[in-house]
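Okay, so the sequence shown: first residue is 220 according to my numbering, each after it adds one. Glycine included, each C-beta is placed from N, C-alpha and C at the ideal position. Report on the structure given below.
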Amino acid sequence: MPDALELMAPCGMNCGICMAYLRDKKKCPGCRKLDPTAAVSCVRCIIRNCEALKACQSGFCYECAKYPCLRLRQLDKRYRTKYMMSMLENLEYIREHGLSAFVEKERERWRCRKCGGVISCHRGYCFTCGERPA
Ligand code: SF4
Ligand code: SF4
Ligand SMILES: [Zn+2]
220 MPDALELMAP CGMNCGICMA YLRDKKKCPG CRKLDPTAAV SCVRCIIRNC EALKACQSGF
280 CYECAKYPCL RLRQLDKRYR TKYMMSMLEN LEYIREHGLS AFVEKERERW RCRKCGGVIS
340 CHRGYCFTCG ERPA
């Protein structure tokens with residue numbers, strides 16, 4: 220996972236396990252490095268463009284007075300239901316243990332046991348060898 224620290228989005232998403240980041244074609248560079256050619260849904264993301272986020276020194280939503288706002292709670296619910304991960308849990312972990320510890324934990328959690336590649340949370344399999352964890 221290159222530039223792992225830069226791949227942690229303000230909402231708590233680890234862009235390194237996103238299918239748009241992992242795929243070969245039309246690769247997304249991650250939330251913090253988006254350029255205008257990236258997917259409209261990400262460029263226009265309400266969380267990424269949130270005014271309140273600009274006041275958060277850490278660059279993460281957990282520092283916001285409105286945290287966790289409705290938008291973030293909705294996103295979290297969708298990901299907990301569909302993709303076996305939680306933005307809010309991620310943010311709490313980062314707040315408590317720091318970004319580096321979180322990156323380490325994520326590396327291990329999404330590492331393919333067969334080839335060492337990365338499992339996509341959206342697809343549930345390794346983008347390098349296709350292995351699907353049991
Ligand atoms: S599509 Fe969104 S979640 Fe995926 S890598 Fe790009 S910014 Fe991150
Ligand atoms: S938690 Fe705060 S900074 Fe994050 S999206 Fe909600 S209002 Fe914006
Ligand atoms: Zn693999």
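- Residue 239 and residue 320 have their C-alpha atoms some 24 Å from each other.
- Taking a 10 Å sphere around the C-beta of residue 229, we find 16 or more other C-beta atoms and assign the residue as buried.
- In this structure, ligand 1 has no non-hydrogen atom nearer than 8 Å to the beta-carbon of residue 281.
- Within the segment 247 to 286, the runs of alpha helix (DSSP H) at least 4 residues long that lie entirely inside it are, in chain order, 259 to 262.
- Residues of the same chain with a CB within less than 7 Å of the CB of residue 265, apart from the 5 flanking positions on each side, are 290 in chain order.
- In this structure residue 267 touches residue 250 by the C-beta definition: roughly 6 Å separates them, less than 8 Å.
- By the neighbour-count definition (other C-beta atoms within 10 Å, threshold 16), residue 303 is an exposed residue.
- The continuous alpha helix (DSSP H) containing residue 320 extends over residues 318 to 328.
- Residue 245 is not a Cβ neighbour of residue 225, given a cutoff of 9 Å.
- Shown here, residue 345 sits in a strand according to DSSP, grouped into three states.
- Taking C-beta separations shorter than 7 Å and ignoring five residues to either side along the sequence, the partners of residue 342 in its chain run 238, following chain order.
- Residue state for residue 306 is assigned as helix, using DSSP reduced to three classes.
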